[in-house]
Amino acid sequence: MALLEAVMDCGFGNWQDVANQMCTKTKEECEKHYMKHFINNPLFASTLLNLKQAEEAKTADTAIPFHSTDDPPRPTFDSLLSRDMAGYMPARADFIEEFDNYAEWDLRDIDFVEDDSDILHALKMAVVDIYHSRLKERQRRKKIIRDHGLINLRKFQLMERRYPKEVQDLYETMRRFARIVGPMEHDKFIESHA
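In full-length UniProt numbering, the protein residues as written are 1 to 194.
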């Protein structure tokens with residue numbers, strides 16, 4: 001174990017420093033022992049192969065998807081497009097003013113102390129639970145806005161205008177059902193009638 005730690009500290013191939021750290025072995029003995037037990041050992045090789053395959057499988061499952069930086073656009077703060085995007089900050093993927101923006105104010109004066117009565121403690125916990133549900137609603141609304149592409153208003157309006165009048169009427173009627181069926185299903189439905 002000390003040899004492994006020395007190799008990790010000094011680096012593979014730096015056998016002189018590894019031997020100096022081991023104190024009782026020469027650099028040739030350290031290299032020979034390491035090669036015999038860790039590199040040329042069939043048990044270690046199969047374990048290393050299994051670890052490598054597991055790492056490859058893990059990284060294959062967690063690939064980061066590529067998203068275009070143009071959607072939503074990154075306008076300057078005081079531009080007309082920035083105003084149309086309702087205070088959305090693309091670099092942070094967040095809004096200047098959130099839904100239920102003052103939800104945190106209900107928590108600002110709550111202090112949990114040991115000498116609180118059970119009723120007071122339960123009341124404070126209820127306030128925290130209410131705050132938590134308000135945060136969940138905030139996240140739900142953000143997800144709907146992102147999933148349906150409602151941040152980039154101009155792109156949304158251009159896509160809407162490309163349909164014939166009948167499909168635009170259907171689109172207006174079916175818009176309220178979009179969050180129930182999901183964005184992709186809604187778009188497929190509209191495209192099937194275009």
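Backbone N, C-alpha and C fix where the C-beta goes; we use that ideal spot for every residue, glycine too.
- One Cα belongs to Thr24, the other to Asn40, and the distance between them is close to 23 Å.
- Within the segment 118-148, the alpha helix (DSSP H) runs of at least 4 residues that lie entirely inside it are, in chain order, 118-147.
- Take Ala6, set aside five residues on each side of it, and the residues of its chain with a beta-carbon closer than 7 Å to its own are Val18, Gln21, Met22, in chain order.
- If you look at Ile96, you'll find it isn't in any alpha helix (DSSP H); DSSP assigns it neither H nor E.
- The C-beta of Tyr102 has fewer than 16 other C-beta atoms within 10 Å across all chains shown, which makes the residue exposed.
- Of the residues assessed, Ala178 falls on the buried side of the cut-off, its CB having 16 or more other CB atoms within 10 angstroms.
- Segment contact: the segment 141-148 against the segment 178-187, three or more CB-CB distances shorter than 8 Å; contact assigned.
- Looking at the DSSP output, Tyr88 bridges to Phe95.
- Straight across, the Cα-Cα distance linking Gln157 with Val128 is about 40 Å.
- Going by DSSP, Ile39 is part of no alpha helix (DSSP H) at all; its letter is neither H nor E.
- Note on Ile151: 16 or more other CB atoms within 10 angstroms of its CB, so buried under the neighbour-count rule.
- CA-CA distance, Gly13 to Met1, rounds to 17 Å.
- In the structure shown, the three-state DSSP call for Pro183 is helix.
- For Pro90, the closest of Lys142, Trp105, His132, His193 by C-alpha to C-alpha distance is Lys142.
- Here Ala194 is near Tyr163, since their CB atoms are less than 8 Å apart.
- The alpha-carbon of Arg134 is positioned some 15 Å away from that of Lys124.
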